Structure formats: structure tokens, C-alpha cells
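A short write-up of the structure that comes next.
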Amino acid sequence: MSEDMPRLTRFERRDVDVALTYENGEEYNVTYDDLRHACPCAKCSPLRNEDESSKTLRRQIEALPKEKPQVRTVGNYALGFEWSTGCSSGIYRFERIWDLANRRDPDNGRPYVHGAW
Amino acid sequence: MSDSPVTKHGANSGEAPAMASPQEQKQMEQAYAQMKRKMSMAEIGKRIKHKVMVLSGKGGVGKSTVSTGLALALAQQGLKVGILDIDITGPNVPKMMGLDGRRLHVESGRIHPAQGHLGVKVISMAFLLDNEDTPVVWRGPIKLGAIQQFIGDVEWGDLDYLIIDFPPGTSDEPLTVAQSLPDIDGMVIVTTPQDVALLDSRKSITFSESLKVPVLGVVENMSGYTINGKAAPNSEVQIAGPAGKTLKATTNEDGDFSITIDIFKEGGGKSTAEEFGVPFLGALPFDPGFVRGGDDGVHRIVSEPEGPSAIAFSAVVEALQAQIVDAEQPSLEII
Chain A
98 MSEDMPRLTR FERRDVDVAL TYENGEEYNV TYDDLRHACP CAKCSPLRNE
148 DESSKTLRRQ IEALPKEKPQ VRTVGNYALG FEWSTGCSSG IYRFERIWDL
198 ANRRDPDNGR PYVHGAW
Chain B
57 MSDSPVTKHG ANSGEAPAMA SPQEQKQMEQ AYAQMKRKMS MAEIGKRIKH
107 KVMVLSGKGG VGKSTVSTGL ALALAQQGLK VGILDIDITG PNVPKMMGLD
157 GRRLHVESGR IHPAQGHLGV KVISMAFLLD NEDTPVVWRG PIKLGAIQQF
207 IGDVEWGDLD YLIIDFPPGT SDEPLTVAQS LPDIDGMVIV TTPQDVALLD
257 SRKSITFSES LKVPVLGVVE NMSGYTINGK AAPNSEVQIA GPAGKTLKAT
307 TNEDGDFSIT IDIFKEGGGK STAEEFGVPF LGALPFDPGF VRGGDDGVHR
357 IVSEPEGPSA IAFSAVVEAL QAQIVDAEQP SLEII
């Protein structure tokens with residue numbers, strides 16, 4: 098978790114990416130493909146554990162039609178995205194979006210281990 | 057006569073209006089009552105600023121203790137708080153709030169909640185039972201009606217927080233509430249550190265996605281039991297802990313020492329929260345005073361407002377409040 102993460106104030110959906118504006122005035126872009134590839138849900142996360150399955154996930158996402166998602170706030174700690182195709186289950190904490198904005202691995206290199214459901 | 061359930065108003069029929077049968081009238085009355093209740097639920101939703109659901113996957117993790125503790129810790133801040141005890145088959149919030157044996161006041165078809173410690177308003181099935189040993193054996197639709205009545209027909213007044221205490225598991229009660237009560241802020245998942253409870257709380261977190269209600273955070277209850285004692289000053293004390301572990305502490309100059317025993321395990325709630333990317337609100341100590349307080353009807357937070365449990369609860373409440381979206385806060389602009 099980033100202690101010095103500024104508050105996200107603006108989330109502008111554009112054709113193929115989102116423009117993020119933070120409280121300190123800094124602006125970042127994250128492509129929808131990057132956003133979707135970093136989906137933190139229990140279905141998508143394990144696919145990023147291995148390079149091959151991660152690449153396959155990436156190719157599947159890139160093959161999806163480009164679309165602007167519906168965005169909803171989750172509490173005051175995260176955002177959820179509703180896509181008409183593909184996975185919409187992930188809850189993206191603001192820290193995760195901040196990592197993506199800064200081109201950092203939002204999983205911090207840790208492999209995902211399934212919950213025991 | 058027409059089959060229509062409504063009275064016919066023919067302009068030129070020349071006949072007297074056909075009256076609905078008693079059965080049809082009953083159906084219309086029920087539909088009217090349902091409509092009135094829905095309007096009432098929407099109105100109640102506006103008068104209660106924040107609604108928080110308290111759930112757990114497993115029973116016996118202290119969900120009602122956490123619900124009442126959250127309510128009282130919020131009330132200690134001077135906020136107006138209510139508790140809705142939806143656990144129809146095992147309602148025990150009234151006992152913990154010192155309201156055992158109390159009856160509800162009904163006036164003009166509206167139910168008035170009982171007031172417990174620190175002015176917390178309480179609605180529970182327990183108030184409607186003639187005998188506390190009588191089980192409530194209801195099928196789904198009757199349960200659903202009772203829950204809707206508890207939401208729509210209660211005169212809560214203006215509240216800052218409504219804490220809703222559910223039975224354990226992912227049954228239809230949370231679903232009914234989530235569909236009936238507008239603008240629920242989110243849910244708090246209560247767990248204990250052992251694997252079986254954590255397994256079930258993972259289900260609750262996944263369940264929240266189906267309900268479209270955000271998880272405000274995970275609370276780990278019965279997290280550790282702290283023993284305080286005295287021994288020779290500046291000496292080492294050893295205690296036989298669970299699983300054959302030896303716990304050590306060093307006494308201070310006055311000979312006081314303190315050791316926390318993790319009766320179940322430790323940190324399970326936090327790691328589950330991290331695994332699912334939801335906030336961890338804090339850990340509450342194992343405190344036998346809750347059992348005594350629950351039995352005597354004097355909640356631990358009331359009997360010992362400066363005690364370790366009350367301090368732990370206020371830390372959890374602080375973390376909870378940090379997660380709740382405040383309408384007055386500058387919000388995120390989504391374009």
C-alpha cells in the first residue's frame with residue numbers, strides 16, 4: 098500500500114484509456130487493456146501467476162471490443178468496472194489504480210493463491 | 057360480473073359498479089400495504105444517514121457482540137444509532153443491550169424501537185416472542201415479510217447509523233435487506249482467526265459481490281487473550297501457551313507483566329482481508345467480560361468504557377468510519 102498516494106479526484110473515460118487526475122494535480126493515463134489485465138478477481142488473478150497464461154489473458158483482453166466501462170465507487174477505497182464483455186468482477190483498490198498509473202506491478206510480484214472456496 | 061379485481065366504473069353501462077369479492081379486496085389491501093411499506097422504506101432510507109450490515113460466514117464468531125459493540129462505540133461519539141436484529145431464529149441483541157423481556161410499543165400501525173444503553177434504538181424478533189425458549193420456525197416467505205415489516209414499519213426517526221445484525225451464513229436475509237433498504241453503505245465481515253471461520257468469511261466476501269454491497273472491512277474477533285500479572289521485578293515469566301508453545305514476558309520494575317495468548321491463531325482476519333483486497337478494520341481481544349456482560353445485560357463497553365475492549369472497538373469504528381463515503385466529502389469526479 099502506498100502511504101504517500103494522493104487522492105484521486107478525476108476519472109475521465111476516453112476511447113481507449115482513462116485519464117486520472119490526482120489531488121496534487123498530477124495526471125496519468127492507463128489503457129483499458131492494462132486495467133482489465135490487472136483485474137484483481139479470483140478468476141483473473143491466478144492467470145497472471147504464470148507468464149504463458151498471463152500472455153494468453155492479455156491476448157484475450159486485447160481481442161475484446163474497445164469500450165468505455167461503467168464505473169462505480171466501492172465504499173471509499175476502491176472502484177468497480179462494468180464491461181459489456183469479459184470480466185467485471187474485480188474490485189480495484191485506489192492503491193492498485195495508483196500502481197497501474199505509475200507503471201508498477203499492482204500484485205508486487207506476489208503470485209495469487211486461491212481462497213478455499 | 058367481471059374477473060377484474062378492481063371495481064368497474066362503466067360510463068354508460070347503466071349498471072351498479074361491480075364490487076370486488078372479499079378475497080379480491082384482501083388482495084388489494086395487501087398490495088396497498090406493500091406499496092405503502094415500499095414508500096416507507098424509501099423514506100426511512102433517507103432519514104438514516106449510514107446503514108451497515110454485519111455478517112459472518114460462520115456462527116459463534118461474536119457477530120452480535122461486534123454489532124452491539126459497533127453501535128455503542130458510535131453512540132459514545134454522540135451519534136444517533138439503531139440496531140436492527142435480523143437474526144429471527146436466534147435474536148440475542150436485546151439481552152446484550154439490557155432490554156431483556158421488553159415489549160415493543162406500537163402506535164398507529166408504526167413500531168417504535170426500544171432504547172438500550174446510550175440511547176441506542178433496538179428492533180429485534182426477541183421483542184415479539186412470548187417465551188424466549190420458543191423457537192421461531194418460519195419458511196422463507198414469512199421471514200421475508202417479517203424483515204420487510206422490521207424495515208418499513210419501524211419509526212426509527214433520524215439516525216446517523218443503523219447497524220444490521222444478521223444470522224450467520226449467506227442465506228436470504230441479507231439478500232432481502234439489500235433489496236429492500238436503499239443506499240446501504242456496506243458490510244462488515246466478522247471472523248475469528250481459525251481456518252474454518254476464515255474459510256466461511258471468504259464466502260461472505262464473495263457473497264458481497266453478488267449483493268452489489270461493498271465490503272467495508274473485516275473484523276477479527278477473539279483475537280488474543282491478554283493475561284496481566286505480577287512476579288519478581290525485572291524477571292522473566294514463562295507461561296505454557298496453546299500448541300505446546302512457551303510464552304515469555306519480562307516484568308517491569310514494579311513486577312507487572314502482560315502476555316497475550318493467541319487462543320485460536322493470529323492474523324487470519326488480516327491476511328484474508330489482504331487476500332481479497334478489502335480493508336482490515338482491526339482485531340478485538342478475547343474478553344470474558346463480554347460473556348458476563350451479555351448475560352447480565354450490561355455491555356462491556358458500558359461497564360468499562362475505558363477498558364481494552366472499548367479501546368479496541370473505538371479503533372475499529374474509526375477504521376469503519378474512514379471507509380464510509382461521506383456525502384459531504386469531495387467526491388471523485390467520473391466522466
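The listed protein sequences derive, respectively, from chains A and B. Residues in the first sequence are numbered from 98 upward in steps of one, following our numbering. Residues in the second sequence are numbered from 57 upward in steps of one, following our numbering. Glycine included, every Cβ here is placed at the ideal spot set by N, Cα and C. Here the structure is a predicted model, which is why all the values come from computation and not from measurement.
Can you find a C-beta in chain B that's less than 7 Å from the C-beta of residue 115/A? In the first sequence, the residue the question calls residue 115/A occupies position 18. No - not a single Cβ of chain B is within 7 Å of the one on residue 115/A.
Could you tell me whether the Cβ of residue 135/B comes closer than 7 Å to any Cβ of chain A? The count along the second sequence starts at 1 and reaches residue 135/B at position 79. So, not an interface residue.
Report buried or exposed for residue 61/B, applying the criterion of at least 16 other Cβ atoms within 10 angstroms of its Cβ. Your numbering for residue 61/B matches position 5 in the second sequence. Only weak support exists for where residue 61/B lies, its pLDDT of 34 falling under 50; the coordinates are left without a value.
Quick check on residue 243/B: does DSSP put it in helix, strand or coil? Within the second sequence, numbered from 1, the residue matching residue 243/B stands at position 187. Residue 243/B sits in a strand when the DSSP states are folded into three classes.
Any idea what DSSP makes of residue 199/B, helix, strand or coil? The residue labelled residue 199/B in the question sits at position 143 within the second sequence. Residue 199/B falls in the helix class under three-state DSSP.
Could you run through the region 230-245 of chain B and flag, in chain order, every residue whose CB is less than 8 Å away from some CB of chain A? Per Cβ criterion, the list reads 241 and 242.
If you draw a straight line from the alpha carbon of residue 88/B to that of residue 233/B, how long is it in whole angstroms? Within the second sequence, numbered from 1, the residue matching residue 88/B stands at position 32. Within the second sequence, numbered from 1, the residue matching residue 233/B stands at position 177. Separation of residue 88/B and residue 233/B (C-alpha to C-alpha, rounded to the nearest whole angstrom) is 20 Å.
Proximity winner among 287/B, 329/B, 296/B and 208/B, relative to residue 102/B (alpha-carbon distances): Numbered from its first residue, the second sequence carries residue 102/B at position 46. Checked all of 287/B, 329/B, 296/B and 208/B; the closest Cα to residue 102/B is 208/B.
Proximity below 7 Å, CB of residue 117/B to CB of residue 284/B: Walking along the second sequence from the start, residue 117/B turns up at place 61. Walking along the second sequence from the start, residue 284/B turns up at place 228. Not closer than 7 Å, so no.
According to DSSP, what are the bridge partners of residue 124/A? Start at 1 with the first residue of the first sequence, and residue 124/A comes out as number 27. In DSSP, residue 124/A forms a bridge with 118/A.
To the nearest angstrom, how far is it from the Cα of residue 219/B to the Cα of residue 82/B? Residue numbering aside, residue 219/B sits at position 163 when the second sequence is read from its first letter. Residue numbering aside, residue 82/B sits at position 26 when the second sequence is read from its first letter. About 35 Å.
Can you name, in chain order, every residue of its own chain whose Cβ lies under 7 Å from the Cβ of residue 213/A, other than the five neighbours on each side? Residue 213/A sits at position 116 when you count from the first residue of the first sequence. With a pLDDT of 26 at residue 213/A, under the threshold of 50, the modelled position of that residue is not reliable, and no figure is offered here.
Can you find a C-beta in chain A that's less than 7 Å from the C-beta of residue 130/B? As a working note, residue 130/B is residue 74 in the second sequence. No, residue 130/B lies away from the interface with chain A (no Cβ there is under 7 Å from its Cβ).
Are at least three pairs of beta-carbons, each pair with one atom in the region 143-156 of chain A and one in the region 111-122 of chain A, less than 8 Å apart? no
At the 7 Å Cβ level, is residue 105/A part of the contact set with chain B, yes or no? The residue given as residue 105/A occupies position 8 in the first sequence. It does: the Cβ of residue 105/A has a partner Cβ on chain B nearer than 7 Å.
Is there a Cβ of chain B sitting closer than 7 Å to that of residue 109/A, yes or no? Within the first sequence, residue 109/A is the residue found at index 12, counting from 1. For residue 109/A, the answer is yes, since a Cβ of chain B falls inside 7 Å of its Cβ.
Coil, strand or helix - residue 271/B by DSSP: As a working mapping, residue 271/B is identified with position 215 in the second sequence. Three-state DSSP puts residue 271/B in a strand.
Relative to the C-alpha of residue 264/B, which residue among 380/B, 199/B and 334/B is closest? For the purposes of this step, residue 264/B is identified with residue 208 of the second sequence, where counting begins at 1. Among 380/B, 199/B and 334/B, the Cα nearest to that of residue 264/B is on 334/B.
To the nearest angstrom, how far is the alpha carbon of residue 180/A from that of residue 164/A? To locate residue 180/A, count along the first sequence from 1; it is residue 83. To locate residue 164/A, count along the first sequence from 1; it is residue 67. So the alpha carbons of these two residues sit roughly 8 Å apart.
As a quick exercise: from 269/B, 289/B, 312/B and 262/B, pick the residue whose alpha carbon is nearest that of residue 282/B. As a first step, residue 282/B must be located in the second sequence, where it is residue number 226. When each option's Cα is compared against that of residue 282/B, the closest is 312/B.
What does residue 190/A reach in chain B if we use C-beta pairs closer than 9 Å? For the purposes of this step, residue 190/A is taken as residue 93 along the first sequence, with counting starting at 1. Within chain B, the residues near residue 190/A are 333, 334 and 335.
Using CA atoms only, rank isn't needed, just tell me which of 183/A, 108/A, 132/A and 184/A is closest to residue 201/A. The count along the first sequence starts at 1 and reaches residue 201/A at position 104. Between residue 201/A and the set 183/A, 108/A, 132/A and 184/A, the nearest pair of CA atoms involves 132/A.
When the cut-off is 7 Å and only beta carbons count, does residue 98/A lie next to chain B? To locate residue 98/A, count along the first sequence from 1; it is residue 1. Any reading at residue 98/A needs caution, since the residue's pLDDT is 44, under 50, leaving its predicted position unreliable; the model's value is listed next. Residue 98/A does not count as touching chain B.
Please list, in chain order, the chain A residues whose beta carbon lies closer than 7 Å to that of residue 388/B. Looking up residue 388/B in the second sequence gives position 332. Within 7 Å Cβ-Cβ: 105, 106, 108 and 170.
Beta-carbon within less than 8 Å of residue 368/B's beta-carbon, same chain only, minus the 5 sequence neighbours each way: which residues are those? As a working note, residue 368/B is residue 312 in the second sequence. Apart from sequence neighbours up to five positions away, the residues of its chain that approach residue 368/B with a beta-carbon distance below 8 Å are 338, 339, 340 and 341, ordered along the chain.
CB contact check: residue 391/B to chain A, cutoff 7 Å: Counting from 1 along the second sequence, the entry for residue 391/B is found at position 335. So, interface residue.
With DSSP as the reference, label residue 312/B as helix, strand or coil. Residue numbering aside, residue 312/B sits at position 256 when the second sequence is read from its first letter. Residue 312/B falls in the strand class under three-state DSSP.
Against chain B, with Cβ distances strictly below 7 Å, would residue 137/A count as a contact? Counting from 1 along the first sequence, the entry for residue 137/A is found at position 40. By this cut-off, residue 137/A is an interface position.
For the region 138-169 of chain B, which residues have a CB atom closer than 9 Å to at least one CB atom of chain E, in sequence order? Here chain E cannot be found, since the structure's protein chains are A and B.
Report yes or no: do three or more beta-carbon pairs, one from the region 176-183 of chain B and one from the region 150-164 of chain B, lie closer than 8 Å? With the cut-off at 8 Å, the region 176-183 of chain B and the region 150-164 of chain B touch.
Give me the residue from 129/B, 274/B and 100/B with the minimum Cα distance to residue 370/B. Start at 1 with the first residue of the second sequence, and residue 370/B comes out as number 314. Ranking 129/B, 274/B and 100/B by Cα distance to residue 370/B puts 129/B first.
When you check each C-beta in the region 261-275 of chain B against every C-beta of chain A, which residues fall closer than 7 Å? 262, 265, 270 and 272
State the beta-bridge partners of residue 294/B as determined by DSSP. On the second sequence, residue 294/B is found 238 positions in, with the first residue counted as 1. The partner list for residue 294/B (beta bridge, DSSP) reads 304/B.
Looking only at C-alpha atoms, which of 199/B, 243/B, 217/B and 216/B sits nearest to residue 229/B? Numbered from its first residue, the second sequence carries residue 229/B at position 173. Residue 199/B is the option with its Cα nearest to residue 229/B.
Please confirm whether residue 168/A and residue 139/B have their CB atoms less than 7 Å apart. Against the first sequence, residue 168/A aligns to sequence position 71. Against the second sequence, residue 139/B aligns to sequence position 83. In this structure, residue 139/B does not lie closer than 7 Å to residue 168/A by Cβ.
Got a sec? Which residues, its chain only, sit under 7 Å from residue 197/A by beta carbon, not counting five neighbours each side? Locating residue 197/A in the first sequence gives position 100, counting from the first residue. Answer for residue 197/A: 127, 131, 132, 135 and 203, listed in chain order.
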